[in-house]
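Participant: Chains as they are written, first to last, in our numbering: chain W, -3 to 259; chain P, 297 to 654. The structure's right below; bear with me while I get my questions together.
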Amino acid sequence: MSKNNDSVLVCENIGMQFGGLAAVRNFDISIPNRALYGLIGPNGAGKTTVFNIISGVLSPTAGRVKLFGEDITGLTPDEIAKRGVARTFQNIRLFRDLTVLDNVLVGHHLRRKATLGEALLALPRYRKEESGMMHTSRELLEAVGLKDVAHYRASALPYGQQRRLEIARALATKPKVLLLDEPAAGMNPAETEQLMQLILDIRDRFNLSILLIEHEMKVVMNICEHITVLDHGEIIAEGTPSEIQSNERVIKAYLGGGTIARH
Amino acid sequence: MTGNQSNNFMRKAVLAVAGLVLFYLCLYWINTQWDAYKVRILNLCAIYIGITLGLNLCNGFAGQFSLGIAGFMAVGAYTTALLTMSPQIKRAVYFIEPLISPLNSIQWGFLPSLIVAGLVSGLVGFAVGAPAIRFRDDYLGISTLGFAEIIRVVFTNTTHITNGALGLKGIPPHTNLYWSWTFALLCVFVMVRLTNSSYGRALKAIRDDEVAAEAMGVNLFYHKCLAFVVSATMAGIGGGLLGNLITTIDPNMFRFPLTFTVLMMAVLGGLGSITGSVISATVITIAMEALRVLEEPRVVLGIFLPGIPGMRMVVFSIALMLVILFYPKGFMGDRELGLDSFRNLAARFRRTFSHKQV
């Protein structure tokens, strides 16, 4: 496979140094179009740091992030979102006091063409945009199964639905790359099952690439095509799920070193 | 569907026009029938409604805790006063240091003066907001509070423009019910449209979670500045109306207690509620006057009570504490009072009533 030509998102040699701590070192990844990639590793391995770098929350101390060949390193999160990278958060970050529908509508705001004046006077272009947004938002809510709770406050939703809402909100920005940070965290087996199906559906329906952080091995091993394993900020293994499952270093990183096992 | 929609639109438009006509007829009636004192209080109500809404946009809807509202009001009040005062009065008022030209020779109409006041305070709002919005929460509050104090100190010392601590006297009393209530209506209109538009949703998103809002493509700088500038503009025009209502302004009028008063109106009504702000600004403005009796000496049950200046504020502080205790989000929270809420109330009433019969 040619690595760089058909890749949507490429991280080249990313490094993130917090004072004396190297949270991420020499991180490379290249995600093709419509791919479903996984990023796993023990707690504190630097997975979320990678997400924060890609989405612009952090500016890496080394390396570059490229989206469709364009260098997006160091851009602000809203600019990166406009270029087509959307994300969810490990500790759910919904707009708590907005309704479910409004949460999704916020995701549309970045494509808004009508100016503030047009919005204040409700001129035709604004009204047309607004009804278009309303329509797609409802479609998105239907796609993640939240259509019936569209007018609830986001904070009133149960946990699993909040996670789905985060995904719908991210999709509203019309991303090319979707970063999911532990989408299955806190879900029961049935919910997890639904989530896996949802992720696969989303990829096919919206034609995007997904990078997924997950601790739930069932999810990662079943739906990811390619997995990158991080430990102490460094990539220790890469490959298909079956390759990863039999990888010595991965097992060691997760279960501890041989000395402890023998002890 | 489109026919239905345009029908609906027409009906709304007719209702709106009818409502406006009725409203201004009421104002006309009040203007001719009521005494000057009551008219003045009504004027103050309208002005505070506008300013409170402005503060609510910034502090309530966008969640940017700003305490600079008195500073913006001062900018607006001085701008309007300087533009509307006649050259003769200016010569008389500026007896220590003459007013610089060209300000000393111009006299504008009220409307252009108010517009300029709004623009100037909006500009100042941008100049203050742009650097200050890097701060969050209390730090933003402190820095904007500092700004308001700076404005006051600057106005006290630039004698050749503001006449310093002596203040301005003889400002033409242009403000009447029509001006002030048109201002209040415009503020309500802007707030309703803005907060229900996608720009308003973006502001609320920033309030709820800044990090997530930015990750969803909301430009934090633009939207925070938007809230700051609109808020400052409303405060500036309100300040201008206030100056031309009471005809005398000086820098000490625009100290922190003024910000506190407006903030109290917004908080009691509910940060994030337009109707809440309108109701609470009206009630508090009227209560401010009604409670003046507390500060007058009088005899209660044969005991002579001397008047204590400032008793009103004690009452308001206690009221604020009680409200925070029982309604932590203000009377309205972030809900709105509209026809729907009356309908819901009626429905609930009917339900309880029918239950009792069964």
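Built from N, CA and C at the ideal position, the CB exists for glycine as well. Keep in mind that this is a model prediction, so the values were computed, not measured.
1) Am I right that residue 177 of chain W and residue 47 of chain W are in contact with their C-beta atoms under 8 Å? What's the rounded C-beta distance?
2) Can you give me the C-alpha to C-alpha distance between residue 523 of chain P and residue 603 of chain P, rounded to a whole angstrom?
3) Determine the chain P residues that contact residue 92 of chain W at a beta-carbon separation under 7 Å, and present them in chain order.
4) Can you give me the start and stop residues for the alpha helix (DSSP H) that residue 86 of chain W sits inside?
5) Just mark residue 104 of chain W as buried or exposed, buried being the case when its beta carbon has 16 or more other beta carbons within 10 Å.
6) Strictly below 7 Å CB to CB, what residues from chain P border residue 108 of chain W?
7) Are at least three pairs of beta-carbons, each pair with one atom in the segment 329 to 346 of chain P and one in the segment 541 to 557 of chain P, less than 8 Å apart?
8) Would you list, in sequence order, the uninterrupted alpha helix (DSSP H) runs of no fewer than 4 residues that lie entirely inside the segment 89 to 138 of chain W?
9) Mind checking residue 564 of chain P: buried by the 16 CB within 10 Å criterion, or exposed?
10) Note down the Cα distance separating residue 532 of chain P from residue 380 of chain P, rounded to an integer number of angstroms.
11) State the beta-bridge partners of residue 62 of chain W as determined by DSSP.
12) When you compare the segment 499 to 513 of chain P with the segment 375 to 395 of chain P, are there three or more beta-carbon pairs, one atom per stretch, that lie closer than 8 Å?
13) What's the C-alpha gap between residue 115 of chain W and residue 490 of chain P?
14) Does the beta-carbon distance from residue 208 of chain W to residue 54 of chain W come in below 8 Å?
15) Got a sec, what are the start and stop residues for the alpha helix (DSSP H) residue 592 of chain P sits in?
16) Quick check on this structure: which residue in W:25, W:158, W:2, W:31 has the alpha carbon closest to the alpha carbon of residue 50 of chain W?
17) Rounded to whole angstroms, what's the CA-CA distance from residue 98 of chain W to residue 131 of chain W? Just pull it up for me.
18) Taking residue 490 of chain P as the query, report the chain W residues whose CB atoms sit under 9 Å from its CB, ordered along the chain.
19) Report back the beta-carbon spacing between residue 287 of chain W and residue 96 of chain W to the nearest angstrom; my notes put them in contact at under 8 Å.
20) For residue 360 of chain P, count neighbouring C-beta atoms within 10 Å of its own C-beta (all shown protein chains included) and say buried if the count is 16 or more, exposed if not.
21) What separation, rounded to the nearest whole angstrom, lies between the Cα atoms of residue 247 of chain W and residue 438 of chain P?
22) Please report the residue range of the alpha helix (DSSP H) in which residue 534 of chain P lies.
23) Among W:14, W:203, W:236, W:41, which has the Cα closest to the Cα of residue 218 of chain W?
24) Just to check my reading of the structure: residue 306 of chain P and residue 554 of chain P have Cβ atoms closer than 8 Å, yes? What is that Cβ distance to the nearest angstrom?
25) Given residue 86 of chain W, which residues of its chain have a CB within under 8 Å of its CB, disregarding the five upstream and five downstream residues?
26) Are there 16 or more other CB atoms within 10 angstroms of the CB of residue 640 of chain P, so buried, or fewer, so exposed?
27) At the 8 Å Cβ level, is residue 538 of chain P part of the contact set with chain W, yes or no?
28) In terms of alpha-carbon separation, which member of W:129, W:90, W:66 lies closest to residue 108 of chain W?
29) Would residue 172 of chain W count as contacting chain P if we go by Cβ distances under 8 Å?
30) Could you compute how far the alpha carbon of residue 249 of chain W sits from the alpha carbon of residue 32 of chain W?
31) Are the CB atoms of residue 426 of chain P and residue 521 of chain P nearer to each other than 8 Å?
32) Do we get a CB-CB distance below 8 Å when we pair residue 98 of chain W with the residues of chain P?
33) Here's the rule I'm using: 16 or more other beta-carbon atoms within 10 Å means buried, otherwise exposed. How should residue 121 of chain W be labelled?
34) Note the first and the last residue of the continuous beta strand (DSSP E) segment covering residue 23 of chain W.
35) In the DSSP assignment, what residue or residues form a beta bridge with residue 205 of chain W?
36) For the segment 427 to 463 of chain P, which segments carrying the alpha helix (DSSP H) assignment without a break, of at least 4 residues, lie completely within its bounds, in sequence order?
Facilitator: If we stick to the structure as given:
1) Along the first sequence, one-based indexing puts residue 177 of chain W at 181. Along the first sequence, one-based indexing puts residue 47 of chain W at 51. So it is a contact: roughly 6 Å between Cβ atoms.
2) The count along the second sequence starts at 1 and reaches residue 523 of chain P at position 227. The count along the second sequence starts at 1 and reaches residue 603 of chain P at position 307. Straight-line Cα distance between these residues: approximately 42 Å.
3) If you number the first sequence from 1, residue 92 of chain W lands on position 96. Within chain P, the residues near residue 92 of chain W are 504.
4) On the first sequence, residue 86 of chain W is found 90 positions in, with the first residue counted as 1. Taken as a continuous stretch (DSSP letters only), residue 86 of chain W belongs to no alpha helix (DSSP H), as it is neither H nor E.
5) As a position in the first sequence, residue 104 of chain W is number 108, starting the count at 1. When all chains shown are included, residue 104 of chain W counts as buried.
6) Taking the first residue of the first sequence as 1, we reach residue 108 of chain W at position 112. Ordered by position in chain P, the residues that pass the 7 Å Cβ test against residue 108 of chain W are 494.
7) yes
8) 96 to 104, 112 to 117
9) Here residue 564 of chain P corresponds to residue number 268 of the second sequence, with the count starting at 1. Buried: at least 16 other Cβ atoms inside 10 Å.
10) Position 236 of the second sequence, counted from the first residue, corresponds to residue 532 of chain P. Position 84 of the second sequence, counted from the first residue, corresponds to residue 380 of chain P. One C-alpha to the other measures close to 15 Å.
11) Along the first sequence, one-based indexing puts residue 62 of chain W at 66. Its beta-bridge partners are W:6, W:67.
12) no
13) Reading the first sequence from its first residue, position 119 is the one you call residue 115 of chain W. Reading the second sequence from its first residue, position 194 is the one you call residue 490 of chain P. About 7 Å.
14) Locating residue 208 of chain W in the first sequence gives position 212, counting from the first residue. Locating residue 54 of chain W in the first sequence gives position 58, counting from the first residue. No, they are not a contact pair.
15) By one-based count along the second sequence, residue 592 of chain P stands at place 296. First-last for residue 592 of chain P: undefined, no H or E at that position.
16) Within the first sequence, residue 50 of chain W is the residue found at index 54, counting from 1. Looking at the Cα atoms, W:25 is the closest of the given residues.
17) Taking the first sequence and counting its residues from 1, the one referred to as residue 98 of chain W is at position 102. Taking the first sequence and counting its residues from 1, the one referred to as residue 131 of chain W is at position 135. C-alpha separation (whole angstroms): 12 Å.
18) Working through the second sequence from its first residue, we reach residue 490 of chain P at position 194. The contacting residues are 112, 115, 116.
19) Given a span of -3 to 259 for chain W in the structure shown, any question on residue 287 of chain W remains unanswerable.
20) Residue mapping note: residue 360 of chain P aligns to position 64 of the second sequence, counting from 1. Residue 360 of chain P comes out buried.
21) Within the first sequence, residue 247 of chain W is the residue found at index 251, counting from 1. Within the second sequence, residue 438 of chain P is the residue found at index 142, counting from 1. For residue 247 of chain W and residue 438 of chain P, the distance between alpha carbons rounds to 53 Å.
22) Reading the second sequence from its first residue, position 238 is the one you call residue 534 of chain P. From DSSP, the alpha helix (DSSP H) with residue 534 of chain P extends over 516 to 542.
23) Residue numbering aside, residue 218 of chain W sits at position 222 when the first sequence is read from its first letter. Selected option, being the one with the closest Cα: W:236.
24) On the second sequence, position 10 is the one that residue 306 of chain P refers to. On the second sequence, position 258 is the one that residue 554 of chain P refers to. So it is not a contact: roughly 44 Å between Cβ atoms.
25) Here residue 86 of chain W is taken as the residue at index 90 of the first sequence, counted from 1. The residues are 44, 177, 178, 181, 209.
26) Counting from 1 along the second sequence, the entry for residue 640 of chain P is found at position 344. It counts as exposed.
27) For the purposes of this step, residue 538 of chain P is taken as residue 242 along the second sequence, with counting starting at 1. It does not; no Cβ of chain W falls within 8 Å.
28) In the first sequence, counting from the first residue as 1, residue 108 of chain W sits at position 112. Residue W:129 is the option with its Cα nearest to residue 108 of chain W.
29) Counting from 1 along the first sequence, the entry for residue 172 of chain W is found at position 176. So, not an interface residue.
30) The residue labelled residue 249 of chain W in the question sits at position 253 within the first sequence. The residue labelled residue 32 of chain W in the question sits at position 36 within the first sequence. Residue 249 of chain W and residue 32 of chain W: Cα-Cα distance of roughly 23 Å.
31) Within the second sequence, numbered from 1, the residue matching residue 426 of chain P stands at position 130. Within the second sequence, numbered from 1, the residue matching residue 521 of chain P stands at position 225. Yes.
32) Locating residue 98 of chain W in the first sequence gives position 102, where the first residue counts as 1. Residue 98 of chain W counts as touching chain P.
33) As a position in the first sequence, residue 121 of chain W is number 125, starting the count at 1. Exposed: under 16 other Cβ atoms inside 10 Å.
34) Here residue 23 of chain W refers to the residue found at position 27 of the first sequence. Residue 23 of chain W -> beta strand (DSSP E) spans 17 to 28.
35) As a position in the first sequence, residue 205 of chain W is number 209, starting the count at 1. In DSSP, residue 205 of chain W forms a bridge with W:173.
36) 433 to 453, 455 to 458
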